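Q:
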Amino acid sequence: MLGKTAGSLYWMARYLERSENNARLIDAGFRIALTRSNTAAAEWRSVLVTAGQDYAFRQAHQDYHSQRVVDFMLRDPANPSSILSVIKRARDNARTARTYLTREAWEAVNTSWMTLGALLRRQVREDDLPDVLAAIRQQSGLVRGAFAGTMLRNDGYNFSRLGTFLERADNTARILDVKYYLLLPSVAHIGTSIDNVQWETILRSVSAHRAYHWLYGTEISALKIAEFLILYRQMPRSLAFCCDKMNDNLGWLRRAYDEETEAVRMAASICRDRLSRPIASIFDGGLHEFITDFLRANAALAQQIERDYRFVE
Amino acid sequence: MQRGKGRGISFFDEMTGQGGDVRSPYRDYSDWFGREDAARIQRKTQQAEAFFRTTGITFNVYGEDEADERLIPFDVVPRIISASEWRRLSRGIEQRVRALNAFLHDIYHRQEILRAGRVPVELISRNEAFLPMMMGMDPPGGVYTHISGIDIVRTGADEFYVLEDNARTPSGVSYMLENRETMLQMFPELFAKISVREVGDYPLNLLKSLSACAPPACNGTPTVAVLTPGIHNSAYFEHSFLADQMGAELVEGHDLRVVDGRVAMRTTQGYTPIDVLYRRVDDDFLDPLNFRADSMLGVPGIWDVYRAGGITIANAPGTGIADDKALYSYMPDIIEFYTGEKALLPNVPTWRCSEPGHLKEVLDRLPELVVKEVHGSGGYGMLVGPAASRKEIAAFRAKLEANPRNYIAQPTLSLSTVPIFTRAGLAPRHVDLRPFVLMSPQGIRITPGGLTRVAMSKGSLVVNSSQGGGTKDTWVLED
Numbered sequence: 631m632l633g634k635t636a637g638s639l640y641w642m643a644r645y646l647e648r649s650e651n652n653a654r655l656i657d658a659g660f661r662i663a664l665t666r667s668n669t670a671a672a673e674w675r676s677v678l679v680t681a682g683q684d685y686a687f688r689q690a691h692q693d694y695h696s697q698r699v700v701d702f703m704l705r706d707p708a709n710p711s712s713i714l715s716v717i718k719r720a721r722d723n724a725r726t727a728r729t730y731l732t733r734e735a736w737e738a739v740n741t742s743w744m745t746l747g748a749l750l751r752r753q754v755r756e757d758d759l760p761d762v763l764a765a766i767r768q769q770s771g772l773v774r775g776a777f778a779g780t781m782l783r784n785d786g787y788n789f790s791r792l793g794t795f796l797e798r799a800d801n802t803a804r805i806l807d808v809k810y811y812l813l814l815p816s817v818a819h820i821g822t823s824i825d826n827v828q829w830e831t832i833l834r835s836v837s838a839h840r841a842y843h844w845l846y847g848t849e850i851s852a853l854k855i856a857e858f859l860i861l862y863r864q865m866p867r868s869l870a871f872c873c874d875k876m877n878d879n880l881g882w883l884r885r886a887y888d889e890e891t892e893a894v895r896m897a898a899s900i901c902r903d904r905l906s907r908p909i910a911s912i913f914d915g916g917l918h919e920f921i922t923d924f925l926r927a928n929a930a931l932a933q934q935i936e937r938d939y940r941f942v943e
Numbered sequence: 005m006q007r008g009k010g011r012g013i014s015f016f017d018e019m020t021g022q023g024g025d026v027r028s029p030y031r032d033y034s035d036w037f038g039r040e041d042a043a044r045i046q047r048k049t050q051q052a053e054a055f056f057r058t059t060g061i062t063f064n065v066y067g068e069d070e071a072d073e074r075l076i077p078f079d080v081v082p083r084i085i086s087a088s089e090w091r092r093l094s095r096g097i098e099q100r101v102r103a104l105n106a107f108l109h110d111i112y113h114r115q116e117i118l119r120a121g122r123v124p125v126e127l128i129s130r131n132e133a134f135l136p137m138m139m140g141m142d143p144p145g146g147v148y149t150h151i152s153g154i155d156i157v158r159t160g161a162d163e164f165y166v167l168e169d170n171a172r173t174p175s176g177v178s179y180m181l182e183n184r185e186t187m188l189q190m191f192p193e194l195f196a197k198i199s200v201r202e203v204g205d206y207p208l209n210l211l212k213s214l215s216a217c218a219p220p221a222c223n224g225t226p227t228v229a230v231l232t233p234g235i236h237n238s239a240y241f242e243h244s245f246l247a248d249q250m251g252a253e254l255v256e257g258h259d260l261r262v263v264d265g266r267v268a269m270r271t272t273q274g275y276t277p278i279d280v281l282y283r284r285v286d287d288d289f290l291d292p293l294n295f296r297a298d299s300m301l302g303v304p305g306i307w308d309v310y311r312a313g314g315i316t317i318a319n320a321p322g323t324g325i326a327d328d329k330a331l332y333s334y335m336p337d338i339i340e341f342y343t344g345e346k347a348l349l350p351n352v353p354t355w356r357c358s359e360p361g362h363l364k365e366v367l368d369r370l371p372e373l374v375v376k377e378v379h380g381s382g383g384y385g386m387l388v389g390p391a392a393s394r395k396e397i398a399a400f401r402a403k404l405e406a407n408p409r410n411y412i413a414q415p416t417l418s419l420s421t422v423p424i425f426t427r428a429g430l431a432p433r434h435v436d437l438r439p440f441v442l443m444s445p446q447g448i449r450i451t452p453g454g455l456t457r458v459a460m461s462k463g464s465l466v467v468n469s470s471q472g473g474g475t476k477d478t479w480v481l482e483d
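If you're matching them up, the sequences are chains A and B in order.
For what it's worth, our numbering labels the leading residue of the first sequence as 631, then goes sequentially.
For what it's worth, our numbering labels the leading residue of the second sequence as 5, then goes sequentially.
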């Protein structure tokens, strides 16, 4: 397949994943802003930092007012990372790769762009926000379903999956990066549990607060949350899960192309050297250092994929 | 329904003819329609629009916000052509396309038709689409117009005219296919009742036809690719649609480069040669080294590969000379010169404003004529005399006198009408027809029917989509 088409499928998937992640971040931020008005500004700031939009936001706005943050992240056309901008880029990439998409997959992306475009045409009122965020999640579910149900499992499919998991790993690692201080052992010493609302925010931003309880019961500890988000291989947003999937997709390409690329080696090394160890050893080496290193390795892998598979010349 | 009247001209309606009984090709449809609930058809019309939107069958209008992707209006009433009408049309079209190819070959070789004085030399030497670099070139398979669109209008039960020839890069075939797909989804019962000839095999035939023109350098199954200017081009939907349906790669200039004497595309595993390039990019933009240096759409060096037999370019460079409207007026002579037969489908009588006698007559009769630029397309830059104001006519007269060579004129044709579905019931609207013709060394293949374009507003004779025209599904009935 064309390198450009592979790149378009990969970026389409990254943008779709990003829109869904950002919707989840807004949801988590919105909840905390509703329940704790005194820390709302700080919370919105950390949401913006996690989404990589804080700098751009501060260029345009004076304070972290809920309505302004939400509007900026949802629909500001001047914000290249707003959900509206990101969905548009996802759809442009899908159009470029149109010949590699099934009719159902293309229509799901296109419908998602049309539906969200209509939904976000005007500023979203606070009362409507939960519905709008639900609609965003629902659209991405429809796109995922159309892909899973109709796409050939060929190289194009594997490139799009690579985009999904690379973006998702980046997102989960960023959440940890911004919130890691809450999980440090000094704060969560034996006997002191971390702030209920805070941990819930973290788990909500990866849609896993129910799953956590299901798995660990009522005990909330920093160590367990970190283990859950970093190493737990059955959690579809954990770093280990995403990394396994990337290895699967790259492994498929290695076999199909009969080519051992640098990207294949890098992905294997991330899994082997960083994610195959007990959580205690990660804490021993420093949680923050671990996350910073992971983000760097993940970004380097992204660049290597673009080079190895000739997305651009 | 009555035979339409407008501005003193009367029109032939393809459903009701002279205003009497329903004509036989429309009889089964009309019976069905008479029993249908209008509200249901109204609902289906809205569904069709939603279908076009979600499928992304939209076109971008130059100069407008890119978010503003427009739909071409689609009308649910089919345009129906009988088997015998189609036999007659397709014979005439085939003859015309053969003559066009013979003409192009001659112009780029011995130019016998010019020596014989049947076509004036300056129509070629002054033709902007003439490519001296094509002189003596033999395109693979000897084919110039792999894909052509012959625009046809009807003015009476037995009167058909060729309005223009599109030998460069005719567009619209994706609408023909999607219109049928839409009709099949909306009214499956109609197709069970009425035997309509299939059009859906066009992409496969296109692929076969292009593959049959593979260049000498090709070994094995030819690799076909579609070259598009990109997602912001107004016809991008069609480019991606055709590539998709053929299972061909859709490439842009920056995906291609010349590698080891072949034009190759950058794949995830390195560069792979292309054998046949169905380009939807104009000649000027094909090769910045040999044509326009500022073009980013093409492939530097493709021309040299082409000359050396390393790639087939479809349509061949330089075919655009045949789209010239002044040259069009010589088509009956051209057909006779190469086939030895009279043209089966007549031309519309045409005044060449370059000739003083013709110009004088045109200027005298401007309010009743249609005047077109010789290189114009898309309905731009033309005067429809009967529909124009005095002021518009005066302004056009000045342009015409300043540069007569740039124009031809034709009588205002009383284009046939076909009903469209409106809230108030069926209403006649003017139509034309663009059949699509494939040519390869194995022969000529014409898809039954083609794209019917329809002027959506009452009385309008302009069917171009850029001017608000719509489309209809076109049915050719089985015998």
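Just so you know, even glycine gets a beta-carbon here, dropped at the ideal spot from N, CA and C.
All values derive from a computational prediction rather than experimental measurement.
Any beta carbon from chain A within less than 8 Å of Gly305 (chain B)'s own beta carbon?
A: Mapped onto the second sequence, residue 305 (chain B) falls at position 301. Judged by the 8 Å Cβ criterion, Gly305 (chain B) is not in contact with chain A.
Q: Could you work out which residue in B:Arg266, B:Gly160, B:Arg92, B:Glu482 is closest to Gly313 (chain B) when comparing CA atoms only?
A: Taking the second sequence and counting its residues from 1, one reaches residue 313 (chain B) at position 309. Residue B:Arg266 is the option with its Cα nearest to Gly313 (chain B).
Q: Indicate whether Tyr694 (chain A) and Arg675 (chain A) have their beta-carbon atoms separated by less than 8 Å.
A: In the first sequence, the residue the question calls residue 694 (chain A) occupies position 64. In the first sequence, the residue the question calls residue 675 (chain A) occupies position 45. A contact, by the Cβ cut-off of 8 Å.
Q: Express the C-alpha separation of Glu797 (chain A) and Ala818 (chain A) in angstroms, rounding to a whole number.
A: The residue you call residue 818 (chain A) lines up with position 188 of the first sequence. The residue you call residue 797 (chain A) lines up with position 167 of the first sequence. Here Ala818 (chain A) scores only 48 on pLDDT, less than 50, and its place in the model should not be relied on; the value that follows carries that caveat. Cα-Cα distance, rounded: 29 Å.
Q: Less than 7 Å between C-beta atoms, sequence neighbours within five positions excluded: which residues of the same chain meet that for Ala803 (chain A)?
A: Residue mapping note: residue 803 (chain A) aligns to position 173 of the first sequence, counting from 1. Hits under 7 Å: Leu869, Ile921, Phe924, Leu925, Asn928.
Q: Which word fits Lys462 (chain B), buried or exposed, when buried means at least 16 other C-beta atoms lie within 10 angstroms of its C-beta?
A: The residue you call residue 462 (chain B) lines up with position 458 of the second sequence. Exposed, because fewer than 16 other Cβ atoms sit within 10 Å of the Cβ of Lys462 (chain B).
Q: Alpha carbons only, please: which of A:Asp761, A:Asn879, A:Arg840 is nearest the one belonging to Asp785 (chain A)?
A: Taking the first residue of the first sequence as position 1, residue 785 (chain A) is located at position 155. For the residues A:Asp761, A:Asn879, A:Arg840, the minimum Cα distance to Asp785 (chain A) belongs to A:Asn879.
Q: For a contact meaning CB atoms closer than 7 Å, what does Glu890 (chain A) contact in chain B?
A: Within the first sequence, numbered from 1, the residue matching residue 890 (chain A) stands at position 260. Here the premise fails: no neighbours, minimum Cβ distance about 13 Å.
Q: Return the CA-CA distance between Phe777 (chain A) and Pro707 (chain A), expressed in angstroms with no decimal places.
A: For the purposes of this step, residue 777 (chain A) is identified with residue 147 of the first sequence, where counting begins at 1. For the purposes of this step, residue 707 (chain A) is identified with residue 77 of the first sequence, where counting begins at 1. Answer to the nearest angstrom: the Cα atoms are 28 Å apart.
Q: According to DSSP, what are the bridge partners of Pro277 (chain B)?
A: Taking the first residue of the second sequence as 1, we reach residue 277 (chain B) at position 273. Its beta-bridge partners are B:Ala268.
Q: For the segment 470 to 482 of chain B against the segment 75 to 93 of chain B, are there 3 or more C-beta pairs whose distance is under 8 Å?
A: Flag = yes, the segment 470 to 482 of chain B and the segment 75 to 93 of chain B touch.
Q: May I ask you to list, following chain order, the residues of the segment 260 to 280 of chain B that have a beta carbon less than 7 Å from some beta carbon of chain A?
A: Answer set for the segment 260 to 280 of chain B: Met269, Arg270, Thr271, Thr272, Gln273.
Q: Scan the segment 28 to 105 of chain B and note each continuous beta strand (DSSP E) run of 3 residues or more that stays entirely inside, going in chain order.
A: Correct list: 62 to 64, 73 to 75, 78 to 85.
Q: Check whether the segment 392 to 403 of chain B and the segment 333 to 343 of chain B touch, using three or more Cβ-Cβ pairs below 8 Å as the test.
A: Segments in contact, no.
Q: Which class does His434 (chain B) belong to by DSSP, given the choice of helix, strand or coil?
A: Along the second sequence, one-based indexing puts residue 434 (chain B) at 430. Of the three classes helix, strand and coil, the one that applies to His434 (chain B) here is strand, per DSSP.
Q: Suppose you measure from the CA of Val466 (chain B) to the CA of Pro233 (chain B); what does that come to, to the nearest Å?
A: In the second sequence, residue 466 (chain B) corresponds to position 462, counting from 1. In the second sequence, residue 233 (chain B) corresponds to position 229, counting from 1. Distance between the alpha carbons of Val466 (chain B) and Pro233 (chain B) is about 27 Å.
Q: DSSP on Thr794 (chain A), reduced to helix/strand/coil?
A: If you number the first sequence from 1, residue 794 (chain A) lands on position 164. Residue state, collapsed to three classes: helix.
Q: Evaluate Arg791 (chain A) with the Cβ neighbour count: other Cβ atoms within 10 Å of its Cβ, from every protein chain shown; 16 or more gives buried, anything less gives exposed.
A: Position 161 of the first sequence holds residue 791 (chain A). When all chains shown are included, Arg791 (chain A) counts as buried.
Q: Can you tell me the Cα-Cα spacing of Thr822 (chain A) and Glu650 (chain A), whole angstroms?
A: Within the first sequence, the letter at position 192 stands for residue 822 (chain A). Within the first sequence, the letter at position 20 stands for residue 650 (chain A). Caution applies to Thr822 (chain A), whose pLDDT of 49 falls short of 50 and renders its modelled position unreliable; the model cannot decide the point.
Q: Nearest CA to the CA of Asn287 (chain B): which residue from B:Ala252, B:Gly121, B:Ile325?
A: As a first step, residue 287 (chain B) is located in the second sequence; it is residue number 283 there, counting from the start. The residue you asked about is not Asn; residue 287 (chain B) is Asp in the sequence shown. When each option's Cα is compared against that of Asp287 (chain B), the closest is B:Ile325.
Q: If you draw a straight line from the alpha carbon of Thr354 (chain B) to that of Leu181 (chain B), how long is it in whole angstroms?
A: The sequence position of residue 354 (chain B) within the second sequence is 350, counting from 1. The sequence position of residue 181 (chain B) within the second sequence is 177, counting from 1. About 33 Å.
Q: Can you check whether the C-beta of Thr426 (chain B) is within less than 8 Å of a C-beta belonging to chain A?
A: As a working note, residue 426 (chain B) is residue 422 in the second sequence. Thr426 (chain B) does not count as touching chain A.
Q: Scan the segment 703 to 735 of chain A for residues whose Cβ lies nearer than 7 Å to a Cβ of chain B and list them as they occur along the chain.
A: Hits within the stretch, in order: Asp722, Arg725, Thr726, Arg728, Thr729.
Q: For Arg57 (chain B), go through chain A and note every residue whose CB falls closer than 9 Å to its CB, in chain order.
A: Here residue 57 (chain B) is taken as the residue at index 53 of the second sequence, counted from 1. Residues of chain A passing the Cβ test: Asn740, Thr741, Met744.
Q: Answer yes or no: do Lys364 (chain B) and Ile412 (chain B) have a C-beta to C-beta separation smaller than 8 Å?
A: Taking the first residue of the second sequence as 1, we reach residue 364 (chain B) at position 360. Taking the first residue of the second sequence as 1, we reach residue 412 (chain B) at position 408. No, Cβ-Cβ distance for Lys364 (chain B) and Ile412 (chain B) is not below 8 Å.
Q: Glu737 (chain A) versus chain B: which residues are under 9 Å apart at the beta carbon?
A: Here residue 737 (chain A) is taken as the residue at index 107 of the first sequence, counted from 1. Neighbours of Glu737 (chain A) on chain B, chain order: Thr58, Thr59, Gly60.
Q: So which of B:Val280, B:Met386, B:Trp36, B:Val203 has the shortest CA-CA distance to Leu471 (chain B)?
A: As a first step, residue 471 (chain B) must be located in the second sequence, where it is residue number 467. One detail in the question is off: residue 471 (chain B) reads as Gln in this sequence, not Leu. The shortest Cα separation from Gln471 (chain B) among B:Val280, B:Met386, B:Trp36, B:Val203 belongs to B:Met386.
Q: If we define contact as Cβ-Cβ less than 8 Å, is Leu254 (chain B) a contact residue for chain A?
A: If you number the second sequence from 1, residue 254 (chain B) lands on position 250. Chain A contact via Cβ: present.
Q: Just the Cα atoms here: how many angstroms apart are Leu208 (chain B) and Gly257 (chain B)?
A: As a working note, residue 208 (chain B) is residue 204 in the second sequence. As a working note, residue 257 (chain B) is residue 253 in the second sequence. Whole-angstrom Cα-Cα distance: 25 Å.
Q: For Gln933 (chain A), collect the residues of the same chain with a Cβ closer than 6 Å to its Cβ; drop the 5 residues on either side in sequence, then sort them by chain order.
A: Taking the first residue of the first sequence as 1, we reach residue 933 (chain A) at position 303. Result list for Gln933 (chain A): empty, nothing under 6 Å.
Q: Got a sec: which bits of the segment 289 to 302 of chain B sit with their beta carbon under 7 Å from any beta carbon on chain A, in order along the chain?
A: Those residues of the segment 289 to 302 of chain B that come within reach of chain A (Cβ to Cβ, closer than 7 Å) do not exist; the list is empty.
Q: Does Gly8 (chain B) pass the burial test, meaning 16 or more other C-beta atoms within 10 Å, or should it be called exposed?
A: Taking the first residue of the second sequence as 1, we reach residue 8 (chain B) at position 4. Interpretation of Gly8 (chain B) is limited by its pLDDT of 42, a score under 50 that renders its predicted location unreliable; no figure is taken from the coordinates.
Q: Please list, in chain order, the chain A residues whose beta carbon lies closer than 7 Å to that of Ala318 (chain B).
A: On the second sequence, position 314 is the one that residue 318 (chain B) refers to. Going along chain A, no residue has its Cβ under 7 Å from Ala318 (chain B), so there is no contact; the nearest lies around 18 Å.
Q: Among A:Thr741, A:Gly659, A:Val679, which residue has its Cα nearest to the Cα of Ala670 (chain A)?
A: Working through the first sequence from its first residue, we reach residue 670 (chain A) at position 40. Checked all of A:Thr741, A:Gly659, A:Val679; the closest Cα to Ala670 (chain A) is A:Gly659.
Q: Would a C-beta distance cut-off of 8 Å place Pro220 (chain B) and Pro144 (chain B) closer than the cut-off?
A: Walking along the second sequence from the start, residue 220 (chain B) turns up at place 216. Walking along the second sequence from the start, residue 144 (chain B) turns up at place 140. Taking 8 Å as the Cβ cut-off, Pro220 (chain B) and Pro144 (chain B) qualify as a contacting pair.
Q: Below 8 Å between beta carbons: does that hold for Thr848 (chain A) and Ser244 (chain B)?
A: For the purposes of this step, residue 848 (chain A) is identified with residue 218 of the first sequence, where counting begins at 1. For the purposes of this step, residue 244 (chain B) is identified with residue 240 of the second sequence, where counting begins at 1. In this structure, Ser244 (chain B) does not lie closer than 8 Å to Thr848 (chain A) by Cβ.
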